[in-house]
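Chemist:
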Amino acid sequence: MDRPYDSECSRGAPGPAAAQTERKSNKTTVAIGASAGAVAVLAGISLCFWLFVRQRRIKKAAQIMSKDLSTPPSSATKGRTTPTTNYSMTTSSYNTTTTGSGSVRGGGGSTYFGVQVFSFDELEEATENFDRSKELGDGGFGTVYYETLFDTISGLLYDGRAVAVKRLYENNMRRAEQFMNEIEILAKLRHKNLVTLYGCTSRHSRELLLVYEYISNGTVADHLHGSRHSPDSDLSAWRVRMNIAIETADALAFLHASDVIHRDVKTTNILLDDDFHVKVADFGLSRLFPTHVTHVSTAPQGTPGYVDPEYYQCYQLTDKSDVYSFGVVLMELVTSLQAVDTCRHRHDINLANMAVSRIQNQQLEEMVDACLGFDKDYAVRRMVTSVAALAFRCLQQEREMRPSMNEVLATLRRIERENDGGGDQKAEVVDIVVDDDVGLLQNVPPPVLSPDSVGNDKWVSFLSFLLLLLTHSKVGHSSTKKFIFDH
Numbered sequence: 001m002d003r004p005y006d007s008e009c010s011r012g013a014p015g016p017a018a019a020q021t022e023r024k025s026n027k028t029t030v031a032i033g034a035s036a037g038a039v040a041v042l043a044g045i046s047l048c049f050w051l052f053v054r055q056r057r058i059k060k061a062a063q064i065m066s067k068d069l070s071t072p073p074s075s076a077t078k079g080r081t082t083p084t085t086n087y088s089m090t091t092s093s094y095n096t097t098t099t100g101s102g103s104v105r106g107g108g109g110s111t112y113f114g115v116q117v118f119s120f121d122e123l124e125e126a127t128e129n130f131d132r133s134k135e136l137g138d139g140g141f142g143t144v145y146y147e148t149l150f151d152t153i154s155g156l157l158y159d160g161r162a163v164a165v166k167r168l169y170e171n172n173m174r175r176a177e178q179f180m181n182e183i184e185i186l187a188k189l190r191h192k193n194l195v196t197l198y199g200c201t202s203r204h205s206r207e208l209l210l211v212y213e214y215i216s217n218g219t220v221a222d223h224l225h226g227s228r229h230s231p232d233s234d235l236s237a238w239r240v241r242m243n244i245a246i247e248t249a250d251a252l253a254f255l256h257a258s259d260v261i262h263r264d265v266k267t268t269n270i271l272l273d274d275d276f277h278v279k280v281a282d283f284g285l286s287r288l289f290p291t292h293v294t295h296v297s298t299a300p301q302g303t304p305g306y307v308d309p310e311y312y313q314c315y316q317l318t319d320k321s322d323v324y325s326f327g328v329v330l331m332e333l334v335t336s337l338q339a340v341d342t343c344r345h346r347h348d349i350n351l352a353n354m355a356v357s358r359i360q361n362q363q364l365e366e367m368v369d370a371c372l373g374f375d376k377d378y379a380v381r382r383m384v385t386s387v388a389a390l391a392f393r394c395l396q397q398e399r400e401m402r403p404s405m406n407e408v409l410a411t412l413r414r415i416e417r418e419n420d421g422g423g424d425q426k427a428e429v430v431d432i433v434v435d436d437d438v439g440l441l442q443n444v445p446p447p448v449l450s451p452d453s454v455g456n457d458k459w460v461s462f463l464s465f466l467l468l469l470l471t472h473s474k475v476g477h478s479s480t481k482k483f484i485f486d487h
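Residue numbers (UniProt numbering): 1 to 487.
Written out as structure tokens, the structure is:
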């Protein structure tokens, strides 16, 4: 009797249907693997191409940024106009030209936006290797040295005029941007109350140096509460301070008309010549302000005590930010106090807060510098009071409440004009016409303010009182009150 063939193959071998299914599965696996591989290859090729293009752009931008200034530009570059867009976004437009006359050792007569370019070696030699004895002072972004340029530098500056050389700090990570800011702004703007930029080193120099006209009489801060402070100083005369306020406002109004926000207005950036005329300096933080734009969103920068609270809180920079800072400057001129002084009472550390509180409580005379003759000279008293009222408006927490720089300038000129010729007039008591509701202000508490807070009180009523104080000087109204000027 035959038995069936008993073998492993007969027991476990798959049938035709199972074999066909297995072959299809293998083909599917191979197809998926091939597709994934193709996708990976394409992704790799795309990534390599993107990296190549990106590296090429970076390399090209770097070549433009580090372009040797001694190389004459192309005809297209010669015809290019100075850009007016945000210079932090247009590094490729940092173009150069070559002057046709004169030469500078190592510079070939090159310029940035018409500003003479010097080699680092020339300025190092001129400052005697940055001799510390020639230091004029340290600013927020660099050290300034004094030098007289004779034949140590050929070309533009060989006539012996005095200059100040600013050496940007190497540890300042934004020094290149600040370097370009100053050059682009000062090269295209000319105003009698703006410091003049004579030259600079090239962008790829070992160090970044700027060469300015030398302003010999220090800063406003030096004379008010610094190394040059003296009761016998010309700055002890109110009319000198008034002129400083007007010239500074004139310079800032010019900047705003040119779509530039200074962003670091303070008394240490207001230089004085021997005749106490103003030169506004230090444009490292300045920003171009495009036309038809309400504000620029940017991280707050500036000096404590001068920074616009709304800018500090909302990160919105406007021309009214300069107005706020100028309001602090006005109060420094009135009081000779520093913008920030930790030795004062904690509520008075910030001069802006202190001024607003004192003015609201009709205590201005407690702050006025005694050397100004506020108690003795009627004309000085009126001018100081008017300037304090203007500062009060500039220091409003909300920018919409502040005047424009043009309004500030016009107001200062009007104050000066209205008081010309009245310097010898004295008065014990002056009648000030006020409205009946002014009496309600007597019990208004001072605001609690801080540099990084925005108050809601707009102080409209008291501002009206101050404006009435400026515009009314005759008796005859049905409701009249005495304003006592002298003790």
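Glycine included, every Cβ here is placed at the ideal spot set by N, Cα and C. Predicted, not measured: the structure shown is a model, and the values here were computed from it.
Enumerate in chain order the residues of its own chain whose CB-to-CB distance from Leu42 is below 8 Å, with the five nearest sequence positions on each side excluded.
Modeler: The sequence position of residue 42 within the sequence shown is 42, counting from 1. Taken in chain order, the list of residues that qualify is empty.
Chemist: Note down, in chain order, each residue of its chain lying with its Cβ closer than 8 Å to the Cβ of Leu351, except the 5 sequence neighbours on either side.
Modeler: Here residue 351 refers to the residue found at position 351 when the sequence shown is read from its first residue. Closer than 8 Å at the Cβ level, and outside the excluded window around Leu351, lie Gly305, Val328, Met331, Glu332, Thr335, Leu337, Gln338, Ala339, Val340, Asp341.
Chemist: Going by the DSSP bridge assignment, what does Ile185 pair with across the sheet?
Modeler: Translated into the one-based positions of the sequence shown, residue 185 becomes position 185. None, per the DSSP bridge assignment.
Chemist: Comparing C-alpha positions only, which one of Val356, Val323, Glu416, Leu412 sits nearest to Cys394?
Modeler: Counting from one through the sequence shown, the residue named residue 394 turns up at place 394. The candidate whose alpha carbon is nearest that of Cys394 is Val323.
Chemist: Using the beta-carbon count (16 or more within 10 Å), is Gln178 buried or exposed?
Modeler: Indexing the sequence shown from 1 puts residue 178 at position 178. Gln178 should be labelled buried.
Chemist: So is Cys200 buried or exposed if we call it buried at 16+ other beta carbons inside 10 Å?
Modeler: If you number the sequence shown from 1, residue 200 lands on position 200. Counting of Cβ neighbours within 10 angstroms places Cys200 among the buried residues, the total reaching 16 or more.
Chemist: Mapping the DSSP letters down to three states, classify Glu418 as helix, strand or coil.
Modeler: Mapped onto the sequence shown, residue 418 falls at position 418. Reduced to three states, the DSSP call for Glu418 is helix.
Chemist: Ile215 to Leu272, Cα distance in whole Å?
Modeler: Within the sequence shown, the letter at position 215 stands for residue 215. Within the sequence shown, the letter at position 272 stands for residue 272. Distance between the alpha carbons of Ile215 and Leu272 is about 6 Å.
Chemist: Compute the distance between the beta-carbons of Cys371 and Ser227, then report whether it is under 8 Å.
Modeler: One-based indexing of the sequence shown puts residue 371 at position 371. One-based indexing of the sequence shown puts residue 227 at position 227. Contact: no.
Chemist: Would Gly302 and Asp348 be called neighbours here (beta carbons separated by less than 8 Å)?
Modeler: Mapped onto the sequence shown, residue 302 falls at position 302. Mapped onto the sequence shown, residue 348 falls at position 348. Cβ atoms of Gly302 and Asp348: not closer than 8 Å.
Chemist: Are the Cβ atoms of Asn193 and Asp274 separated by less than 8 Å?
Modeler: Taking the first residue of the sequence shown as 1, we reach residue 193 at position 193. Taking the first residue of the sequence shown as 1, we reach residue 274 at position 274. Result no, Cβ atoms of Asn193 and Asp274 do not sit closer than 8 Å.
Chemist: Within 10 angstroms of the Cβ of Asp121, are there 16 or more other Cβ atoms? Answer buried if so, exposed if not.
Modeler: Along the sequence shown, one-based indexing puts residue 121 at 121. Answer is exposed; the Cβ neighbour count stays below 16.
Chemist: Measuring only the C-alpha atoms, how far is Val165 from Asn129?
Modeler: Within the sequence shown, numbered from 1, the residue matching residue 165 stands at position 165. Within the sequence shown, numbered from 1, the residue matching residue 129 stands at position 129. One C-alpha to the other measures close to 12 Å.
Chemist: For the region 248–255 against the region 195–210, are there 3 or more C-beta pairs whose distance is under 8 Å?
Modeler: Touching, no.
Chemist: Could you tell me whether the Cβ atoms of Leu364 and Ala391 are closer together than 8 Å?
Modeler: Here the question's residue 364 lines up with position 364 in the sequence shown. Here the question's residue 391 lines up with position 391 in the sequence shown. In this structure, Ala391 does not lie closer than 8 Å to Leu364 by Cβ.
Chemist: What is the DSSP secondary structure of Gly199, counted as helix, strand or coil?
Modeler: Within the sequence shown, residue 199 is the residue found at index 199, counting from 1. In the structure shown, Gly199 sits in a strand (DSSP, three-state: E or B).
Chemist: Name the residue from His229, Val260, Lys279, Leu210 whose alpha carbon lies nearest to the alpha carbon of Asn243.
Modeler: Here residue 243 is taken as the residue at index 243 of the sequence shown, counted from 1. That would be Lys279, whose Cα lies nearest to the Cα of Asn243.
Chemist: Out of Arg287, Val260, Asp250, Val117, which has the shortest C-alpha to C-alpha gap to Ile270?
Modeler: Along the sequence shown, read from residue 1 onward, the residue named residue 270 stands at position 270. Cα-wise, what sits closest to Ile270 is Asp250.
Chemist: Looking at Leu168 and Leu186, is the spacing between their C-beta atoms short of 8 Å?
Modeler: Locating residue 186 in the sequence shown gives position 186, where the first residue counts as 1. Locating residue 168 in the sequence shown gives position 168, where the first residue counts as 1. Their beta carbons are not under 8 Å apart, which means Leu186 does not touch Leu168 by this criterion.
Chemist: By Cβ distance below 6 Å, which residues in the same chain neighbour Ser321 in space, the five residues on each side in sequence not counted?
Modeler: Counted from its first residue, the sequence shown places residue 321 at position 321. Asp308, Tyr311, listed in sequence order.
Chemist: Would you please state the rounded distance, in angstroms, between the beta carbons of residue 502 and Ala281? I believe it to be under 8 Å.
Modeler: One cannot answer for residue 502 here, as it falls past the ends of the chain, which runs 1 to 487.
Chemist: Is it buried or exposed, Val39, if we count other Cβ atoms within 10 angstroms and call 16 or more buried?
Modeler: Indexing the sequence shown from 1 puts residue 39 at position 39. Looking at its Cβ environment, which holds fewer than 16 other Cβ atoms inside 10 Å, Val39 is exposed.
Chemist: Can you give me the C-alpha to C-alpha distance between Ile246 and Phe283, rounded to a whole angstrom?
Modeler: Counting from 1 along the sequence shown, the entry for residue 246 is found at position 246. Counting from 1 along the sequence shown, the entry for residue 283 is found at position 283. Cα-Cα distance, rounded: 20 Å.
Chemist: Just to confirm the assignment, what range does the alpha helix (DSSP H) spanning Glu332 have?
Modeler: Locating residue 332 in the sequence shown gives position 332, where the first residue counts as 1. 319–335 is the extent of the alpha helix (DSSP H) around Glu332.
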